[in-house]
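Protein chains in written order, with our numbering: chain Z, 1 to 385; chain R, 1001 to 1385.
#1: How about residue 167 (chain Z): is its C-beta nearer than 8 Å to some C-beta of chain R?
#2: Does any CB atom of chain R fall closer than 8 Å to the CB of residue 345 (chain Z)?
#3: Which residue comes first and which comes last in the beta strand (DSSP E) that contains residue 9 (chain Z)?
#4: Closer than 9 Å, Cβ to any Cβ of chain Z: which residues of the segment 1178 to 1212 of chain R, in chain order?
#5: For the alpha helix (DSSP H) containing residue 350 (chain Z), name the first residue and the last one.
#6: Tell me the DSSP secondary structure of residue 61 (chain Z) in three-state form.
#7: Would residue 1127 (chain R) count as contacting chain Z if we go by Cβ distances under 8 Å?
#8: Applying the 10 Å Cβ sphere with the 16-neighbour rule, what's the burial state of residue 1283 (chain R)?
#9: Quick one, are the C-beta atoms of residue 1262 (chain R) and residue 1368 (chain R) less than 8 Å apart?
#10: Could I get the ranges of all uninterrupted beta strand (DSSP E) runs contained in the segment 92 to 146 of chain Z, with 3 residues as the minimum, in chain order?
#11: What residues of chain R sit near residue 87 (chain Z), judged by a beta carbon separation below 9 Å?
#12: Report all residues from its chain with a CB closer than 6 Å to the CB of residue 1011 (chain R); omit the five preceding and five following residues, and keep chain order.
#13: Between the alpha carbons of residue 358 (chain Z) and residue 289 (chain Z), how many angstroms are there, rounded?
#14: Considering Cα atoms alone, identify which of R:1339, R:1371 and R:1381 is closest to residue 1351 (chain R).
#15: Residues in its own chain within less than 6 Å of residue 1256 (chain R) by CB, not counting five upstream and five downstream?
#16: Which class does residue 330 (chain Z) belong to by DSSP, given the choice of helix, strand or coil?
#17: Does residue 1009 (chain R) have its Cβ less than 8 Å from a Cβ in chain C?
#18: So residue 206 (chain Z) and residue 1208 (chain R) are in contact, right, with Cβ under 8 Å, and what is the actual spacing, rounded?
#19: Is it buried or exposed for residue 1254 (chain R), if we count other Cβ within 10 angstroms and need 16 for buried?
#20: Could you tell me which uninterrupted beta strand (DSSP E) segments, each at least 3 residues in length, are contained entirely in the segment 199 to 269 of chain Z, listed from first to last along the chain?
#21: Should residue 1217 (chain R) be labelled buried (16 or more other beta-carbon atoms within 10 Å of its own) or exposed?
#22: Restricting to Cα atoms, I'd like to know which of Z:223, Z:101 and Z:138 is closest to residue 70 (chain Z).
#23: So, is residue 297 (chain Z) buried or exposed, given that buried needs 16 or more other C-beta atoms within 10 angstroms?
#24: Taking buried to mean at least 16 other C-beta atoms within 10 Å of its own C-beta, is residue 1049 (chain R) buried or exposed?
#25: Does DSSP classify residue 1026 (chain R) as helix, strand or coil?
#26: Residue 1218 (chain R) touches chain Z at which residues, Cβ-Cβ below 8 Å?
#27: Count the C-beta pairs between the segment 27 to 35 of chain Z and the segment 1187 to 1199 of chain R that are closer than 8 Å, then say yes if the count reaches three, no if not.
#28: DSSP three-state call for residue 1192 (chain R): helix, strand or coil?
#29: Would you tell me roughly how many angstroms separate the C-alpha atoms of residue 1097 (chain R) and residue 1140 (chain R), rounded to the nearest one?
#30: Let me check understanding here. Comparing Cα to Cα, which of R:1188, R:1243 and R:1374 lies closest to residue 210 (chain Z)?
#31: Quick one: what's got a C-beta closer than 6 Å to residue 311 (chain Z)'s C-beta in the same chain, skipping five residues either side?
#32: Taking 8 Å as the threshold, find out whether the segment 1173 to 1191 of chain R comes into contact with the segment 1226 to 1235 of chain R through three or more Cβ pairs.
#33: What whole-angstrom Cβ distance do residue 1324 (chain R) and residue 1313 (chain R) have, given they're in contact under 8 Å?
#34: Would you call the CB atoms of residue 162 (chain Z) and residue 118 (chain Z) closer than 8 Å?
#35: Is it right to say residue 175 (chain Z) is buried, meaning 16 or more other beta carbons lie within 10 angstroms of its own, or is it exposed?
#36: Since residue 1276 (chain R) and residue 1347 (chain R) are thought to touch, with beta carbons under 8 Å apart, how far apart are those beta carbons, to the nearest angstrom?
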């Protein structure tokens, strides 16, 4: 096990009808920037519950944070927040709204010329942030219980992640009832997103971390087990509650304790969203199996464990079990209606060369061994065709 | 799943040679009350490492916090801390030192007449506490990552737990190397303590919490797997690191999310320590199997899951599997040299009547269903003879 530091101070308020607790969690005198997305919260009753819970507090609204939140949108909210001198941000929505709001929270007090520097520094330049709470409506990204945010810049077709200890939400309200209005694509994307978060922390080098491995397998197995009930679209409270808590746990930092993460699926996936507009989870579902195929020798030990402990594969060599893990994962993604190939989106190999060129230009290397360069990215993308 | 609130802000600094990080974690101008136990830290080098890391900070020492820390000892430290106007507490040792130090931290600023009120109120009367850090040297109680402390009062033969959001350590340093000097009894007690913490959160009512259940099974299984390597006494870093992190995780609040806890083993166990001087874990190892036998019908679903997912019992009815879980747990305790009967300590049924009388007098009821009264305690204690 490697040395590590772990601290996650987010207060999770979980369960049925918990949105009303906002009134206990936000200072009575706060001036609140209320951020949200495309307006679904106005249809499903969440907006009304939030407004009721905020009571007589001053509210400045900023709606319209899009999926894959953009610098261009968030900068407007940063200007608005500065002008209105808000002192609290309440983000209501899914991972995109939460991510955008973290950037807004860090951007408002930022002293530099352009808040994009925050992203470029990967969060290092964040010295403070406006305190923020969240009401999560889409289990997927884990943003509600971590410091991370991914922001896209339209003008340069970039999509980059940042994080800072200042961007932990003060609290996150997780009411599984809010997920009842999600459509199948959102549910499917959420399941895959959570699954791949765990994969990035688990399917790497084996550093003799049995507890962390079992926690990871617990999440994998739970996602696989509850997926049919979640995807059925039925109002199954226990399935939705388990899904919501599992997705939060998948990226709260716990699984990363003492291990080396991979994160190359995310690194490549972000570029696919930037260039082709695929949803985040759609990119992950193509790239993860492709990377596993490409690195099957490196990852054999962990993939074999995955096959055995999650998919119940009991026979075969380590390599055969590793191959079975990939096959079963693809099968699982397909079972919830998630494509795993570029061809499903009509994207050709020629088009994916843009992504290779970006890695070549940046000179980035990815993966737990730091050995995925532009050439390797080309090979991986071919495996996803 | 039940509604829940979860927040654990403790900063964990984990790994080899991390004690030196105290210098980054404690304010340079702090006046530190350095608390410890019987002096083992002076023999194993931990005391020297701590003193070196504290550099030129003002230090007031308070050693001699005993196993099952007493009100009578802690009150002296409270007086010392008040007199010396210390503003930070650094607790170095196992769960007893940490528990005692939490009481000292809450007791110093306590405005009431007698800090014992803090315990009597179960922590409700704590309005503030001196900030505290810990250096853990004995994996067992989880005190390093929770708010709880158990304090004994010699004058009244009482042993009671309290907790408050104010008594979370600011940081806890977990260096597995510090465990190399532990003796077999300490290691055995630590394993059983962690095991029973998980049992209290897991082997209760089945509320459809598959993720929490799998996390619990992950801890059980990890403890069972690493016990031989830990008990061998060898300097096996990975085994000790896993043991340390597993014991911390066992009572950090995560497993309690959305479930109903039992805690009757602890409730009865504390009285056995108070009356007979048994080590905490020794009491748990007698009481846990006895309660499971007494409540086998109530707990059958969860005990059968334990048998299947931890001990690999694949055949038999639910009741048979539940019985196998009890048998295997006793076998596991015996395998690490932990007795499971009163007779192993020469304690007779007649003597255990004192414990029954205490419950009768208090009128307490224990357990996840609130149905363990004094009469039930008598039956349970008989099953432990």
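Using N, Cα and C, we set each Cβ at its ideal position, and we do this for glycine too. As the structure is a computational prediction, the values presented were derived from the model and not from experiment.
In short, the structure shows the following:
#1: no
#2: No, because no Cβ of chain R sits closer than 8 Å to the Cβ of residue 345 (chain Z).
#3: 4 to 14
#4: 1207, 1208, 1209, 1210, 1211 and 1212
#5: That run of the alpha helix (DSSP H) goes 349 to 362.
#6: Strand.
#7: no
#8: buried
#9: yes
#10: Those beta strand (DSSP E) runs which fall completely within the segment 92 to 146 of chain Z and span 3+ residues are 132 to 136.
#11: None at all; the shortest Cβ gap to chain R is about 22 Å.
#12: 1171
#13: 21 Å
#14: R:1381
#15: 1201
#16: helix
#17: Of the protein chains in the structure, Z and R, none is chain C.
#18: Between residue 1208 (chain R) and residue 206 (chain Z) the Cβ distance is about 33 Å, and since that is not below 8 Å, they are no contact.
#19: buried
#20: none
#21: By the 10 Å Cβ count, residue 1217 (chain R) comes out buried.
#22: Z:101
#23: exposed
#24: buried
#25: coil
#26: Using a Cβ-Cβ cut-off of 8 Å, residue 1218 (chain R) is close to 211, 214, 215, 217 and 218 of chain Z, given in chain order.
#27: Contact between the segment 27 to 35 of chain Z and the segment 1187 to 1199 of chain R is absent, because fewer than three Cβ pairs lie under 8 Å.
#28: In the displayed model, residue 1192 (chain R) falls within a helix according to three-state DSSP.
#29: Each residue's alpha carbon lies about 12 Å from the other.
#30: R:1243
#31: Counting only Cβ-Cβ distances below 6 Å, and skipping sequence neighbours, we find 328.
#32: yes
#33: 5 Å
#34: yes
#35: buried
#36: 6 Å
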